[in-house]
Every structure is written in C-alpha cells, then in structure tokens.
Amino acid sequence: MITVQDLHKSFGDNEVLKGINCEVEEKEVVCVIGPSGSGKSTFLRCLNLLEDITSGNVIVDGYNLKDKTTDINMIRTEVGMVFQQFNLFPHKTVIENVMLAPRKVRKISVQEARERGEALLKKVGLAEKADQYPAQLSGGQQQRVAIARALAMEPKLMLFDEPTSALDPELVGEVLEVMKQLAKEGMTMVVVTHEMGFAREVADRVMFMDEGIIMEEDTPEIIFTNPASERTKNFLNKVL
Amino acid sequence: MFDFGQVIDFLPQLGKGLYYTLLISIVGLLIGFILGAIFGLGRISKNKFFFIIASIYVEVIRGTPVLVQAIWLYFALPIILQFQMASITAGIVVIAINSGAYIAEIVRGSVDSINKGQMEAGRSLGLNKHQTMRYIIWPQAFKRMIPPLGNQFIISIKDTSLLSVILVPELMFQGRYIASNHFNAVEIYTTVALFYLVINFSLSLLLRYIERRLNY
Numbered sequence: 001m002i003t004v005q006d007l008h009k010s011f012g013d014n015e016v017l018k019g020i021n022c023e024v025e026e027k028e029v030v031c032v033i034g035p036s037g038s039g040k041s042t043f044l045r046c047l048n049l050l051e052d053i054t055s056g057n058v059i060v061d062g063y064n065l066k067d068k069t070t071d072i073n074m075i076r077t078e079v080g081m082v083f084q085q086f087n088l089f090p091h092k093t094v095i096e097n098v099m100l101a102p103r104k105v106r107k108i109s110v111q112e113a114r115e116r117g118e119a120l121l122k123k124v125g126l127a128e129k130a131d132q133y134p135a136q137l138s139g140g141q142q143q144r145v146a147i148a149r150a151l152a153m154e155p156k157l158m159l160f161d162e163p164t165s166a167l168d169p170e171l172v173g174e175v176l177e178v179m180k181q182l183a184k185e186g187m188t189m190v191v192v193t194h195e196m197g198f199a200r201e202v203a204d205r206v207m208f209m210d211e212g213i214i215m216e217e218d219t220p221e222i223i224f225t226n227p228a229s230e231r232t233k234n235f236l237n238k239v240l
Numbered sequence: 001m002f003d004f005g006q007v008i009d010f011l012p013q014l015g016k017g018l019y020y021t022l023l024i025s026i027v028g029l030l031i032g033f034i035l036g037a038i039f040g041l042g043r044i045s046k047n048k049f050f051f052i053i054a055s056i057y058v059e060v061i062r063g064t065p066v067l068v069q070a071i072w073l074y075f076a077l078p079i080i081l082q083f084q085m086a087s088i089t090a091g092i093v094v095i096a097i098n099s100g101a102y103i104a105e106i107v108r109g110s111v112d113s114i115n116k117g118q119m120e121a122g123r124s125l126g127l128n129k130h131q132t133m134r135y136i137i138w139p140q141a142f143k144r145m146i147p148p149l150g151n152q153f154i155i156s157i158k159d160t161s162l163l164s165v166i167l168v169p170e171l172m173f174q175g176r177y178i179a180s181n182h183f184n185a186v187e188i189y190t191t192v193a194l195f196y197l198v199i200n201f202s203l204s205l206l207l208r209y210i211e212r213r214l215n216y
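Taken in order, these protein sequences are the chains called A and B. For the first sequence, UniProt numbering gives the first residue as 1, with consecutive numbering after it. For the second sequence, UniProt numbering gives the first residue as 1, with consecutive numbering after it.
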C-alpha cells in the first residue's frame, strides 16, 4: 500500500527526515512512536504530500507522489487524515463537515452523502449530534467527527497524526475505541501516537523513530518487551 | 434666533444631495469590494506579478489622501488624457479605488487569520485549493471581515462629503450651496450632519444584525 524509499525532508537548513525506508502492507496497522522532534509527524505528512518531499520516493497505492503526472488530489481522496487539532470546519454542522468532500469531490448526491454521513456518525457514536456545530462538542466528540469525515471519502488508507494528544485524559478512550474498531474492520492505518497501550494492543507493527530515521521496527511484543536498540529501550523506559 | 423650521423648505434639495451620496456610496463600495477581493487575494498570492501589482495599488492609495486623489482624478488626469469624466463618475471611481485598497488589506488579514489546519483539512480530503478556498476558507474569513468592513464602509460614506470639491452634487455640496445663499449655516450644516449620522448609524445596526446571524 505504501512504499517509502530513502525519504529526506528539510525545512531550510534543518533536515528533519534523514532517509526513511519502509513498507506498509494492505490492512496493516502501523504505529509510529518516538520522542517529540523525531520527525514522526513530518513523515506522516509526507505520505499525503501535506509536506513536499525533498528527496526520495513515496509510493502510495501504486502512485509515486514525486511523479509530476500524479494527481495529488486524487491520491488524497484515497488517503484519509486525522489531525491532532481535529481541524473540523467550524462554520459547518457536524453532518455538513462529513458531507462536504463526498459532495464536492466525489460528486455524489445530497441524499446519498447524507445517508453515508449519518451511517458514519452512527458508527462513531454521534448520530444525535449531526446538526450541532463543532464548537458545541467535546474534544473527543470532535475527533470522532473528524474520523467520520475522513471515512466519508471511503479511503483505502488512514493516517492519524497524534489523534489523542490534544484531548483531556478521560476523552482519549472514546477516540481509541473508534480507531480499534476501524483496525478490526481491516482498515490500513498509520498512526503517530504517544498511546503506548494502543500501539501494543492494536498495532501489527511498531516503528520507533528518532532523529529523523526509523531506528527500529518490529512487532509490538518485541518492541515493548525486548527492543534491539538502546535508544528504543531508553525511550520506552521514560514513557512506560 | 435659529430657525430650524425653514429647513423643511430645503429638504427637496438636501434630498437630492442625499440621493447622490447614497448612489456614490453604494456603487463605489460595491466596486470597491470587488477590487478589494481581487487585490486582497493578490496580496496573499504566490504569483509574484500579481502580488507586486496588488502591493503597489494598496501602497499608493493608502499613502495619498482621498481629497488629493479626487482632485487629481478630476482636474489633473483630464489634462493628461484629454478626456473629462463627469463629476459623479469621478466620485464613484474615487470611492471605489480608495475603499478597494483598504478592503484589500481587510481581505488579506482575514484570510491570513484562518488557521492553516483548515486548508490542510480541506486538502487532505481531496478538495483542490480553489474548492478549499471557496467552501472552507472564504466563508470563515468573510465573517471576520464584517467588523472592519463595516468600519471601512462608514469611513467611505463620510469621505463622499469631500467630493463636493470636485462638484459632485452630493449632500455636502448641496448644504454648502444652500448655506452660502441663505446664510443659514447652523441650521443647514446641522441637518447635513444629522443625515450622515442617520445613514451611518443605520449601517452600524445592519452590520451588527448580519454579524449575529452569521454566528456559529
């Protein structure tokens, strides 16, 4: 589903990603962990070209994002993204948030978009909030709407950028629950997270990133119980 | 001493002035808003040429007094072009070009103030840049524009009184004409001031209403 080859990303003189190589298979759930500033979020944002790529290749669903002929808008319809700050559209109601992209990009009818939207809101447990505005919702509810909004495009792949980091602790669970459900249904997911419990329970594979490279990747059992690198061990000692 | 009763006799003439004041304000500000939207986007455009043109426009207009702009357009430009504009047309052009420059800055500031996560969220859903601007950024920016836009509308409406110097038959022009012929400066200029106050206060109330309606 995703192939990344020698990905470098610099902001001016500051090289944030220093040669990332990895693969993500279809239906795989990959969690990316690591200290802040390690480049996790930048790496994730390169996967749908929210950050342009300095050098290297990112191939998503068979399309090389570096290729000038690749229609990035088309790729993005297949790649859902959930942000740390939710980024719901504050001037639109919950259901309008969910309906907008399918209507304008997929060009489906209002009727169909509404039915799809309502089904998705039901799935994330927010059917009764359809006509409210994002500001009237708690953080956890907003993030669940954001997940429904991304799913409304029926993506093949979902990217999560620290989806629970901006939430009050008691609201984290409801968002993780929705993500677990998605994983169970076979969604391909790349999740940048500080929720080690989630990574351990849900991930097929965990990547530990530090200083712009993937230091180590393995099954959660191995990463969390017997990591190969000293850096991984140190990091996990601090956060677990 | 003062005889405000006599003002009634001059109401038809003041009314004519009011008509031109409103005409020039409305048409001028409508065009000004369009200019402001275009050049405001120029000020945030990545296109160098468009950005430079928009910046020159904004700086030149903001950097010169509206009174000088009006006089230049009406008395100097005809000498260069060998073509005289009607005073009312010139008045509309001055208000449009002048307000457009300020509105451009209002547009730029409002669009800039929208969190960049909104653009990213739109783009990540597969909307292109144009669609994201149209459905997500503009509606939010527009709401933020209303208070400063209202401010600019009021300033521009008051600026139309300066157009009396280029012989636009607007409210202030009529007031001066009447007062200098009938020696009733207190009555007439007080009435003229009240006319402006009523227009602008009504506009204030209207804008407050619109702003409340757009609340989410």
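Quick reminder that beta carbons are idealized off the backbone N, C-alpha and C, glycines included. From a predicted model like this one, the values you see are computed outputs, not experimental measurements.
Report the three-state DSSP secondary structure of Asp159 (chain B) (helix, strand or coil).
By 1-based counting over the second sequence, the position of residue 159 (chain B) is 159. Here DSSP, grouped into helix, strand and coil, assigns Asp159 (chain B) to helix.
Chain A contacts made by the stretch 99-132 of chain B, where a contact means CB separation under 7 angstroms:
Answer in chain order: Gly117, Gln118, Glu120, Ala121, Arg123, Ser124, Leu125, Gly126, Leu127, Asn128, Gln131.
Alpha carbon to alpha carbon, what distance is there between Pro102 (chain A) and Ile108 (chain A)?
Position 108 of the first sequence, counted from the start, is the residue given in the question as residue 108 (chain A). Position 102 of the first sequence, counted from the start, is the residue given in the question as residue 102 (chain A). The straight-line gap from Cα to Cα measures roughly 6 angstroms.
I'd like to know whether the C-beta of Pro12 (chain B) is nearer than 7 angstroms to at least one C-beta of chain A.
The sequence position of residue 12 (chain B) within the second sequence is 12, counting from 1. Answer no: the Cβ-Cβ gap between Pro12 (chain B) and chain A never drops below 7 angstroms.
Put Thr70 (chain A) into one of helix, strand or coil per three-state DSSP.
Working through the first sequence from its first residue, we reach residue 70 (chain A) at position 70. It is coil, neither helix nor strand.
Could you tell me the alpha carbon to alpha carbon distance between Ile53 (chain B) and Val60 (chain B), rounded to whole angstroms?
Position 53 of the second sequence, counting from 1, holds the residue named residue 53 (chain B). Position 60 of the second sequence, counting from 1, holds the residue named residue 60 (chain B). Their Cα atoms are separated by approximately 11 angstroms.
Check Asp6 (chain A) in the structure and name its three-state DSSP category.
In the first sequence, counting from the first residue as 1, residue 6 (chain A) sits at position 6. Asp6 (chain A) falls in the strand class under three-state DSSP.
Note down the Cα distance separating Ile172 (chain B) from Ser164 (chain B), rounded to an integer number of angstroms.
Position 172 of the second sequence, counted from the first residue, corresponds to residue 172 (chain B). Position 164 of the second sequence, counted from the first residue, corresponds to residue 164 (chain B). Checking the sequence shown, residue 172 (chain B) turns out to be Met, not Ile. Each residue's alpha carbon lies about 6 angstroms from the other.
Going straight from the alpha carbon of residue 218 (chain B) to that of Leu162 (chain B), what length do you get?
Coverage of chain B is limited to positions 1 through 216, which leaves residue 218 (chain B) absent and any answer about it impossible.
I'd like the list of long-range same chain contacts for Glu26 (chain A), defined as Cβ closer than 6 angstroms, with 5 residues on each side in sequence excluded.
Within the first sequence, the letter at position 26 stands for residue 26 (chain A). Correct list, in chain order: Met1, Thr188.
Can you confirm whether Gln143 (chain A), when its beta carbon is compared against all beta carbons of chain E, has any partner nearer than 7 angstroms?
No chain E appears in this structure, whose protein chains are A and B.
From the beta carbon of Ile136 (chain B), is the nearest beta carbon of chain A less than 7 angstroms away?
The count along the second sequence starts at 1 and reaches residue 136 (chain B) at position 136. Cβ-Cβ to chain A under 7 angstroms: yes for Ile136 (chain B).
Is the separation between the beta-carbon of Val175 (chain A) and that of Gly212 (chain A) shorter than 7 angstroms?
As a working mapping, residue 175 (chain A) is identified with position 175 in the first sequence. As a working mapping, residue 212 (chain A) is identified with position 212 in the first sequence. For the 7 angstroms CB-CB criterion, Val175 (chain A) and Gly212 (chain A) do not form a contact.
Would you call Met1 (chain B) buried or exposed, if buried means 16 or more other Cβ atoms sit within 10 Å of its Cβ?
Counting from one through the second sequence, the residue named residue 1 (chain B) turns up at place 1. Met1 (chain B) should be labelled exposed.
Quick one, which of A:Glu230, A:Gly80, A:Gly117, A:Val124 has its alpha-carbon nearest Val190 (chain A)'s?
Within the first sequence, numbered from 1, the residue matching residue 190 (chain A) stands at position 190. That would be A:Gly80, whose Cα lies nearest to the Cα of Val190 (chain A).
Is Arg200 (chain A) close to chain B, meaning its C-beta is less than 7 angstroms from at least one C-beta of that chain?
Translated into positions along the first sequence, residue 200 (chain A) becomes position 200. Among the residues facing chain B, Arg200 (chain A) is not included, as its CB has no counterpart in that chain under 7 angstroms away.
Considering only their Cβ atoms, is the gap separating Ile136 (chain B) from Phe89 (chain A) smaller than 7 angstroms?
Indexing the first sequence from 1 puts residue 89 (chain A) at position 89. Indexing the second sequence from 1 puts residue 136 (chain B) at position 136. Their beta carbons are under 7 angstroms apart, which means Phe89 (chain A) touches Ile136 (chain B) by this criterion.
Considering just the uninterrupted stretch of the alpha helix (DSSP H) at Ser99 (chain B), what are its terminal residues?
Along the second sequence, read from residue 1 onward, the residue named residue 99 (chain B) stands at position 99. Per DSSP, the unbroken alpha helix (DSSP H) holding Ser99 (chain B) starts and ends at 87-112.
Opposing strand residues paired with Leu159 (chain A) [DSSP bridges]
Counted from its first residue, the first sequence places residue 159 (chain A) at position 159. Per DSSP, A:Met81, A:Val190.
Let me know if Glu128 (chain A) comes out buried or exposed under the rule of 16 or more other beta-carbons within 10 Å of its beta-carbon.
Counting from 1 along the first sequence, the entry for residue 128 (chain A) is found at position 128. Classification of Glu128 (chain A): exposed, given that the 10 Å Cβ count is below 16.
Using Cβ-Cβ distances below 7 angstroms, what residues of the stretch 42-63 of chain A are close to chain B?
Taking 7 angstroms as the cut-off between beta carbons, the residues of the stretch 42-63 of chain A near chain B are Asn48, Leu50, in sequence order.
Contact residues within the stretch 136-155 of chain B, judged by C-beta distance below 9 angstroms to chain A
Of all residues in the stretch 136-155 of chain B, Ile136, Pro139, Gln140, Lys143 have a Cβ within less than 9 angstroms of some Cβ in chain A.
Which residues in chain B sit within 7 angstroms of Asn73 (chain A), going by Cβ to Cβ distance?
Taking the first residue of the first sequence as position 1, residue 73 (chain A) is located at position 73. Chain order gives the chain B residues near Asn73 (chain A) as Gly126, Asn128, where near means a beta carbon separation below 7 angstroms.
Look up Met119 (chain B) in the DSSP assignment and say whether it is helix, strand or coil.
Along the second sequence, read from residue 1 onward, the residue named residue 119 (chain B) stands at position 119. Helix.
Let me confirm a value: Met145 (chain B) is counted as buried when at least 16 other C-beta atoms fall within 10 Å, else exposed. Which label applies?
As a position in the second sequence, residue 145 (chain B) is number 145, starting the count at 1. Counting the other CB atoms within 10 Å of its CB gives Met145 (chain B) a total of 16 or more, which places it among the buried residues.
Would you report the Cα separation of Asn87 (chain A) and Gly173 (chain A), rounded to the nearest angstrom?
By 1-based counting over the first sequence, the position of residue 87 (chain A) is 87. By 1-based counting over the first sequence, the position of residue 173 (chain A) is 173. When rounded, the distance between both Cα atoms is 20 angstroms.
Contacts that Arg76 (chain A) makes with chain B (C-beta to C-beta distance below 9 angstroms)
Looking up residue 76 (chain A) in the first sequence gives position 76. Those within 9 angstroms of Arg76 (chain A) in chain B are Arg123, Ser124, Leu125, Gly126, Leu127.
Would you mind working out which of A:Val58, A:Ala150, A:Leu49, A:Lys122 sits nearest Val98 (chain A), comparing C-alpha positions?
Your numbering for residue 98 (chain A) matches position 98 in the first sequence. Of A:Val58, A:Ala150, A:Leu49, A:Lys122, the residue nearest in Cα terms is A:Ala150.
Proximal residues to Gly45 (chain B) (C-beta, below 7 angstroms), its chain only, five neighbours per side dropped
In the second sequence, the residue the question calls residue 45 (chain B) occupies position 45. The sequence given here has Ser at residue 45 (chain B), not Gly. If we look at Ser45 (chain B) and ignore the five residues flanking it on each side, its Cβ neighbours are Phe51.
Does Gln136 (chain A) have its Cβ less than 7 angstroms from a Cβ in chain B?
Counted from its first residue, the first sequence places residue 136 (chain A) at position 136. Judged by the 7 angstroms Cβ criterion, Gln136 (chain A) is not in contact with chain B.
Buried versus exposed call for Ile223 (chain A) [16 or more other C-beta atoms within 10 Å across all chains shown]:
The count along the first sequence starts at 1 and reaches residue 223 (chain A) at position 223. By the neighbour-count rule (16 or more Cβ atoms within 10 Å), Ile223 (chain A) is buried.
Examine the Cβ distances between the stretch 28-35 of chain B and the stretch 91-99 of chain B and report whether three or more of them are shorter than 8 angstroms.
Result yes; three or more Cβ-Cβ pairs closer than 8 angstroms.
Among residues of its own chain, excluding the 5 on either side of Val178 (chain A), which ones have a beta-carbon nearer than 6 angstroms to its beta-carbon?
Along the first sequence, one-based indexing puts residue 178 (chain A) at 178. Take Val178 (chain A), set aside five residues on each side of it, and the residues of its chain with a beta-carbon closer than 6 angstroms to its own are Val124, Arg144, Ile147, in chain order.
Cα-Cα separation, Thr193 (chain A) to Val239 (chain A)
Here residue 193 (chain A) refers to the residue found at position 193 of the first sequence. Here residue 239 (chain A) refers to the residue found at position 239 of the first sequence. Cα-Cα distance, rounded: 12 angstroms.
Ile88 (chain B) versus Gln118 (chain B) - alpha carbon distance
Locating residue 88 (chain B) in the second sequence gives position 88, where the first residue counts as 1. Locating residue 118 (chain B) in the second sequence gives position 118, where the first residue counts as 1. Straight-line Cα distance between these residues: approximately 43 angstroms.
Leaving aside the five residues before and after Val168 (chain B) along the sequence, list all residues of the same chain whose C-beta is less than 8 angstroms from its C-beta, in chain order.
Counted from its first residue, the second sequence places residue 168 (chain B) at position 168. Here Val168 (chain B) has Tyr20, Ile24, Ser87, Ile88, Ala90, Gly91, Thr160 as same chain residues with Cβ atoms under 8 angstroms from its own Cβ, once five neighbours each way along the sequence are excluded.
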